[in-house]
Amino acid sequence: MINEKHKTAAYKIIPSQGGNRYSFFCELSGMLVCTSGTYYADNPEKELFTAWESEGKNNFNVCHRCGRWVDSVVYNPDVLMCVDCAPLEEEAKYCKHCGARAKNGDIVCSVCEKKLLYGGAGENGEI
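In structure tokens form, the structure reads like this:
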């Protein structure tokens with residue numbers, strides 16, 4: 010079940026001639042994801058909602074665990090969650106090529122210099 014804390018992503022209002030523009034930000038990375046065109050409505054909530062529904066929402070994914078609106082770069086589509094709630098990969102435990110123990114955060118084996126695969130698995134997922 011989606012725990013949707015916010016109806017929109019984090020945003021900043023940019024006053025513009027004839028209305029307002031909205032910059033929408035990823036709630037995990039803080040990165041600017043998109044900026045809307047100019048919108049005007051009778052009340053601020055309706056204006057924001059229109060900008061979000063028309064231009065912002067399709068640039069985001071909502072995490073089904075924490076409810077944050079996030080950019081696809083920090084979203085794990087396999088489990089419909091942000092990478093804070095469900096990381097894309099676990100760190101490698103050992104090198105499948107030479108068997109050396111991997112250090113936390115290593116991407117390349119310090120012994121044979123080949124790419125480490127997550128979980129210590131082989132190329133096809135075998136251990």
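Position one of the sequence shown corresponds to residue 10 (the working numbering), numbered consecutively onward. Here a beta-carbon is modelled for each residue, glycine too, at the ideal position from N, C-alpha and C.
Start and end residues, alpha helix (DSSP H) containing residue i
{"i": "F58", "result": "53 to 60"}
For residue i, three-class secondary structure by DSSP
{"i": "K66", "result": "helix"}
{"i": "V71", "result": "strand"}
{"i": "V79", "result": "strand"}
{"i": "Y49", "result": "coil"}
Alpha carbon of residue i to alpha carbon of residue j, nearest angstrom
{"i": "S81", "j": "A18", "result": "13 Å"}
{"i": "L57", "j": "N113", "result": "43 Å"}
{"i": "V120", "j": "N67", "result": "45 Å"}
{"i": "C104", "j": "L125", "result": "6 Å"}
{"i": "T44", "j": "N29", "result": "11 Å"}
{"i": "M40", "j": "T59", "result": "22 Å"}
{"i": "N12", "j": "V79", "result": "At N12 the pLDDT is 37, less than 50, meaning the model places this residue with poor confidence; the figure from the coordinates comes in the next sentence. Roughly 14 Å between the two C-alpha positions."}
{"i": "K33", "j": "G108", "result": "In the sequence under discussion, the amino acid at residue 33 is Phe, which differs from the Lys named in the question. Spanning the two alpha carbons is a distance of roughly 46 Å."}
{"i": "H106", "j": "V42", "result": "39 Å"}
{"i": "H73", "j": "Y49", "result": "31 Å"}
{"i": "R77", "j": "C94", "result": "10 Å"}
{"i": "G128", "j": "K55", "result": "With a pLDDT of 44 at G128, under the threshold of 50, the modelled position of this residue cannot be trusted, and the question is left open."}
{"i": "E122", "j": "Y20", "result": "43 Å"}
{"i": "S25", "j": "Y31", "result": "10 Å"}
{"i": "D115", "j": "K102", "result": "10 Å"}
{"i": "I22", "j": "L89", "result": "29 Å"}
Enclosing beta strand (DSSP E) for residue i [first to last residue]
{"i": "P86", "result": "P86 -> no beta strand (DSSP E), and no H or E assigned at all."}
Distance between beta carbons of residue j and residue i, contact taken as under 8 Å
{"i": "G27", "j": "T47", "result": "6 Å"}
{"i": "V83", "j": "L37", "result": "5 Å"}
Residues that DSSP places opposite residue i in a beta bridge
{"i": "K124", "result": "V117"}
{"i": "L41", "result": "F34"}
{"i": "K21", "result": "S32"}
{"i": "C91", "result": "Y84"}
Closer than 7 Å to chain B by CB, residue i
{"i": "Y31", "result": "The structure shown contains no chain B, having only a single protein chain."}
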